[in-house]
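Engineer:
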Amino acid sequence: MKLIDVSVFGGSWPFRAHARRTPEQLKAYLTARGVGQAWLASASAVFYPDPMAGNEELFAETGEEPFFIKVAVIDVTLATWERDLTNCFERLGCLAVKLFPNYHGYGLDDPRVLRLVALCRERRAPVCIQVRMMDERGHHTLMKVPAVPVEQVVALAQRAPGARFLVCGAYQGELHRLREAGNVWADLSFVESGHTLRVAVNALGAQRLVFGSHTPLHSFGAGAAKLDVPPGDVEPDTVRRIRAENALSLLRG
Amino acid sequence: MQQRSRAIDVHTHLNTPGPQPSEEELERAIRTARYYGIERLVLLGNLTAMGGPDPSMADVAAINSHTLRAMARYPETYIGFCYVNPAHPVSFLRDEIDRCVVQGGMKGLKLWIAVKATDPRLEPVMEAAAELQIPVLHHAWYKQTVFIYNESTPAEIAELARRFPEVPIVMAHLTGCGARGVLDVADRPNVYVDTSGGQPESGILEYAVGQLGPDRVLYGSDWPLRDFGVQIGRVRDADLPADVLERLLWRNAARLLRIEEDAP
Ligand SMILES: [Zn+2]
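Taken in order, these protein sequences are the chains called D and Y.
Okay, so the first sequence: first residue is 4 according to this note's numbering, each after it adds one.
Okay, so the second sequence: first residue is -13 according to this note's numbering, each after it adds one.
1. To be precise: take each residue of the segment 209 to 242 of chain Y, compare its Cβ to all Cβ atoms of chain D, and keep it if any distance is under 9 Å. Which residues remain?
2. Name the chain D residues whose beta carbon is nearer than 8 Å to that of Pro140 (chain Y)?
3. Could you say which of Y:Leu54, Y:Pro72, Y:Tyr178, Y:Gly38 lies nearest to Gly90 (chain Y) if we only look at CA atoms?
4. Establish whether the CB of Pro219 (chain D) and some CB of chain Y are separated by less than 8 Å.
5. Just how far apart, CA to CA, sit Ala249 (chain Y) and Arg233 (chain Y)?
6. What number of angstroms, rounded off, separates the C-alpha of Gln28 (chain D) from the C-alpha of Met57 (chain Y)?
7. For the segment 34 to 119 of chain D, which segments carrying the alpha helix (DSSP H) assignment without a break, of at least 4 residues, lie completely within its bounds, in sequence order?
8. Could you give the C-beta distance for Leu220 (chain D) and Ala99 (chain D), rounded to a whole number, given that I count them as a contact under 8 Å?
9. Can you pull out the residues from the segment 113 to 146 of chain D whose beta carbon lies closer than 7 Å to at least one beta carbon of chain Y?
10. Given 7 Å as the limit, tell me if Leu160 (chain Y) has its C-beta closer than that to any heavy atom belonging to ligand 3.
11. Any Cβ of chain D within less than 8 Å of the Cβ of Glu145 (chain Y)?
12. Tell me whether Leu230 (chain D), by its Cβ, gets closer than 7 Å to a heavy atom of ligand 1.
13. Could you check if His(-1) (chain Y) belongs to the surroundings of ligand 1, using beta carbon to heavy atom distance under 7 Å?
14. Does the beta-carbon of Asp208 (chain Y), which I'm using as the reference point, lie nearer than 7 Å to any heavy atom of ligand 1?
15. Quick one: list the residues of chain Y neighbouring Glu195 (chain D), beta-carbon separation under 9 Å, in chain order.
16. In terms of residues, what are the limits of the beta strand (DSSP E) holding His52 (chain Y)?
17. Can you give the Cα-Cα distance for Gln6 (chain Y) and Ala48 (chain Y), rounded to whole angstroms?
18. Does the CB of His21 (chain D) have a neighbour CB from chain Y at under 8 Å?
19. Does the distance between the C-beta of Leu30 (chain Y) and the nearest non-hydrogen atom of ligand 1 fall short of 7 Å?
20. Beta-carbon of Phe12 (chain D) versus every beta-carbon of chain Y: anything under 8 Å?
21. Within 8 Å of any Cβ in chain D, is that where the Cβ of Tyr135 (chain Y) sits?
22. For Gly125 (chain D), count the other beta carbons within 10 Å of its own beta carbon; 16 or more makes it buried, fewer makes it exposed. Which is it?
23. 8 Å is my cut-off, CB to CB: does Lys5 (chain D) come that close to chain Y?
24. Which partner residues does Asp180 (chain Y) have in the DSSP bridge list?
25. Report the residue from Y:Pro154, Y:Tyr128, Y:Asp223, Y:Asp229 whose alpha carbon sits nearest the alpha carbon of Arg244 (chain Y).
26. Give the straight-line distance between the Cα atoms of Asn1 (chain Y) and Ala48 (chain D), rounded to the nearest whole angstrom.
27. Within 10 angstroms of the Cβ of Phe168 (chain D), are there 16 or more other Cβ atoms? Answer buried if so, exposed if not.
28. Using a 10 Å radius around the Cβ and a threshold of 16 neighbouring Cβ atoms, would you call Trp98 (chain Y) buried or exposed?
29. For Thr104 (chain Y), list the residues DSSP reports as bridge partners.
30. Distance check for Gly197 (chain D) and Arg59 (chain Y), CA to CA, integer angstroms please.
31. Tyr128 (chain Y) by DSSP, collapsed to three states: which one?
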């Protein structure tokens, strides 16, 4: 089975030169590196006053390309967020939702989040929480954005046991704290230590880790190397799950 | 999966404390490195588990003895760097560098965060490096948060390089130093950068090669804080020609460390 990458961004990110790639370029780049399917969200939507503008422009470019799973960026502090969510599912064909609580200025204990989770659950769509976009040490001097505490994700997930959550951007040291909520998956995009995969599997288990590269903000080759481990380091069956099977269960429920 | 072109890793540590290096740790590091085509490991010392930010003379001696034992155990893999704390008396600094480099065969000096790169007490250390014609690898980072002790910025490394133009300085942690850090040292031809540090951000490697040229960037991982595969994967997947990658992975370090150029 081909690799599934759950963390890919289109649009642009203001803190990086030349990071923007069109969906067509992303598909060519990722396909050449063995990816069969990519979850795509708009990085522009993080900073646009109305994230729907980011969703609309990215998914107009993406069209019906089956390579991409479209991920809607929703800001629950905007008055029309419920309508935005419906539009993302029904008109833009999104199959998952991504939240940026730290960039959009709310906590995961906000009642609107629980409502969003319920609406996503009705559509069987997973809710992705991007806990960080960059290493906090390297943030812009005028824009230091603390990471979303993973405990907030655990608390939310425990209040919504029928929903499925994906944490994107957690560090190695944060993974074990996600253990207590059985409906939370985590991507590998910011996870690293000596023997990354073995340590991550020990922390969160083989069933709930998924591959995410954070393309184009991180090097794809660096991310892919996390799954390319010396013989005996991690069970081949576990690697297979993390390459694709876990992402399929996360998406389909 | 990766193209396994051979490599020298200029930035590694051990982190099991004790008078002897852990045989299990050495063997595991070498086996993992080899899997990714990394043949030689520059060992900068067990700094975190055996000394902390401001090590005593006894700590420094213990760390360097630990490194010497790793070199003796696996001479075909480990290249030691002598760790020093410039706050120590000049006589101790001179004796320790003599013990490790002249007698022990280490190939460079390591400076971390005990004092700033601009501290006048670096003078005897840099003079020893000049005399012995060996490089100095120095910690550096530009940070907005999580500052550690007396860590130096790339601008401070540039100032050190200006004062000691004859000493090759490897500025650690390219990703941590960022574009601003690369520009700080761009006009200091005796400064090299290693590719370690922080998340594997795309683009910064290509940027560094563009600003510094292909001969002043060296692959380094910061193992075991970071992963050999991830850190070399970002180099091998960079948008750079094969001959430039070969310099980053092998030739630049081989030249700096005076490793015999055998045919690949
Ligand atoms: Zn280091």
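Where is the CB? At the ideal position from N, CA and C, for every residue including glycine.
Structural biologist: So, to answer that:
1. Trp209, Pro210, Leu211, Arg212, Asp213, Phe214, Gly215, Val216, Gln217, Ile218, Gly219, Arg220, Val221, Arg222, Asp223, Ala224
2. Ordered by position in chain D, no residue passes the 8 Å Cβ test against Pro140 (chain Y), which lies about 13 Å from the chain.
3. Considering only alpha carbons, the answer is Y:Leu54.
4. It does; some Cβ of chain Y falls within 8 Å.
5. Its pLDDT being 44, under 50, Ala249 (chain Y) is placed unreliably by the model, and nothing is read from it.
6. 47 Å
7. Taking only runs of at least 4 residues, the alpha helix (DSSP H) segments lying wholly in the segment 34 to 119 of chain D are 54 to 65, 84 to 93, 104 to 107.
8. With 8 Å as the limit, Leu220 (chain D) and Ala99 (chain D) do not qualify as a contact, their Cβ atoms being about 19 Å apart.
9. Asp138, Glu139, Arg140, Gly141, His142, Thr144
10. As for ligand 3, it is missing from this structure, which binds only ligand 1.
11. no
12. The beta carbon of Leu230 (chain D) sits no closer than 7 Å to any heavy atom of ligand 1.
13. yes
14. yes
15. Gln185, Pro186, Leu211, Arg212, Asp213, Val216, Gln217
16. First-last for His52 (chain Y): 43 to 59, but that is the alpha helix (DSSP H), not the beta strand (DSSP E).
17. For Gln6 (chain Y) and Ala48 (chain Y), the distance between alpha carbons rounds to 9 Å.
18. yes
19. yes
20. For Phe12 (chain D), no CB of chain Y lies under 8 Å from its own CB, so it is not counted at the interface with that chain.
21. no
22. Before going further, note that residue 125 (chain D) is Glu rather than Gly in the sequence given. Classification for Glu125 (chain D): exposed.
23. no
24. Y:Leu204
25. Y:Pro154
26. 42 Å
27. buried
28. buried
29. In the DSSP output, where bridge partners are listed per residue, Thr104 (chain Y) has none listed.
30. 21 Å
31. If DSSP states are grouped into helix, strand and coil, Tyr128 (chain Y) belongs with coil.
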